[in-house]
Amino acid sequence: MNTVNDLIRVTVARKRREAEGICSFELIDTTGAPLPSFEAGAHIDVQIPGSGATPLVRQYSLANAPGERHRYLIAVLDEPASRGGSRAMHRAVQEGDVLLIGTPRNNFALAGSASREQTLLLAGGIGITPILSMAEALLQAGADFALHYCARSADRLAFAERLAQPAFSGRVHRHLSADPSSSRLDIVGLLQGPSAQRRLYVCGPESFLDATRAAARAADWPEDQVRFEHFAHKVQASADDGAFLVRLARSGRTIPVAADQTVVAALSAHGIELPVSCEQGVCGTCLTRVLEGVPDHKDVYLTPDEQARNDQFTPCCSRSRTPLLVLDF
Ligand code: FES
2 MNTVNDLIRV
12 TVARKRREAE
22 GICSFELIDT
32 TGAPLPSFEA
42 GAHIDVQIPG
52 SGATPLVRQY
62 SLANAPGERH
72 RYLIAVLDEP
82 ASRGGSRAMH
92 RAVQEGDVLL
102 IGTPRNNFAL
112 AGSASREQTL
122 LLAGGIGITP
132 ILSMAEALLQ
142 AGADFALHYC
152 ARSADRLAFA
162 ERLAQPAFSG
172 RVHRHLSADP
182 SSSRLDIVGL
192 LQGPSAQRRL
202 YVCGPESFLD
212 ATRAAARAAD
222 WPEDQVRFEH
232 FAHKVQASAD
242 DGAFLVRLAR
252 SGRTIPVAAD
262 QTVVAALSAH
272 GIELPVSCEQ
282 GVCGTCLTRV
292 LEGVPDHKDV
302 YLTPDEQARN
312 DQFTPCCSRS
322 RTPLLVLDF
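Letter 139 of the sequence shown, counting from 1, is numbered 140 in this note's numbering, and no numbers are missing.
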């Protein structure tokens, strides 16, 4: 395997238009060696050459079947509100290009024993990418599952060919919001009757996740049987976002954070750089241990239980409920 500083050099072996505004990229090791194994729900960091000296780093879920070592398959939506990553992937990255990627990480793994459970997979738009990999894994395991895939219209369904294969017959349900002949997703009805054997995995736009979360709560789904994967998150400012101090335990330095500043920005202004990627509380790249004080969590990376422990936070977006936060940094 061809690596540089723990990153893997891969070639874009295939770039394909999957649907309106969505391209898939098949990545193979530049030497042809097997890539690290991964589990369904995993994502990789991709360094995308940008216009500046520093490459953009974005996370993309792997959409192919776990067990495949000869390639990674990702798909990218050409976002109108792109911060540069998806636009560059669509316009600048071509077949034959060499990219640097990280090894797969997984915050959205299938839990429990899928072969003894009923798994419900819900995908909205580009959220199909990790969900497709999960469907492939469940298919291989001979598990009982159903996949509901929502999009505006048929031309926006990515991986439609793969999902039309006989192996998925009877398990994949498409819901097209702009097509009057298509059935709407009855999310409330679908989530009725939670049981110890049912598990729910959801990936899509925030509004889709919010609607599913509300329906799951209303139907009394246990939190640990429901997993969400976010692609983006709008960090909510609140009226009581105030100034506070962070102390770096290892150096003893104390840095003020202004009311309109993130912790990452405040540290950077003092020459201290934390690793960041999404800067929206989604990816966990900036996760930092908290030794004293109470964070004001604004991320969607940590689970509610992890947030309640208050022993770590995401300084790209989260703040402090106490005048001082002491960080293990
Ligand atoms: Fe992604 Fe902070 S940089 S959670």
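All residues carry an ideal CB built from backbone N, CA and C; glycine is no exception.
Nothing here was measured: the structure is a model prediction, and the numbers come from that model.
Query                                                                                                                                          : Result
Compare the beta carbon distance of T31 and V94 with 8 Å and say whether it is the shorter of the two.                                         : no
For the segment 143-191, list the alpha helix (DSSP H) runs that are entirely contained and at least 4 residues long, ordered along the chain. : 161-164, 188-191
What is the rounded straight-line gap between the Cα of D241 and the Cα of G171?                                                               : 50 Å
Going by DSSP, which residues form a beta bridge with C317?                                                                                    : DSSP lists no partner for C317.
Figure out for me which residue from P206, P131, V236 has the closest Cα to the Cα of E280.                                                    : V236
Is G85 near the ligand FES, in the sense that its beta carbon is under 7 Å from a heavy atom of that ligand?                                   : no
Quick check: does the Cβ of H99 come within less than 7 Å of any heavy atom belonging to the ligand FES?                                       : Note on identity: in this sequence residue 99 is Val, with His being the wrong assignment. No, the ligand FES has no heavy atom inside 7 Å of this Cβ.
Hey, how far is the Cα of I132 from the Cα of T255?                                                                                            : 43 Å
Measuring CB to CB, does L123 end up less than 8 Å from G86?                                                                                   : no
Any heavy atom of the ligand FES closer than 7 Å to the CB of G103?                                                                            : no
Grab the span of the beta strand (DSSP E) containing E19 for me, first residue to last.                                                        : 8-20
Would you check if the distance between the CB atom of V227 and the CB atom of L201 is smaller than 8 Å?                                       : yes
With the ligand FES as the reference, list in chain order each residue whose Cβ lies under 6 Å from any of its heavy atoms.                    : V277, S278, C279, E280, G282, V283, C284, G285, T286, C287, D300, Y302, T315, C317
Assuming A136 and L148 make a contact with CB atoms under 8 Å, what is their CB distance in whole Å?                                           : 5 Å
State the Cα-Cα distance for the pair F315 and L8, rounded to the nearest angstrom.                                                            : For clarity, residue 315 is Thr in the given sequence; the question names Phe instead. Each residue's alpha carbon lies about 23 Å from the other.
Do you know offhand how far I127's Cα is from G253's?                                                                                          : 44 Å
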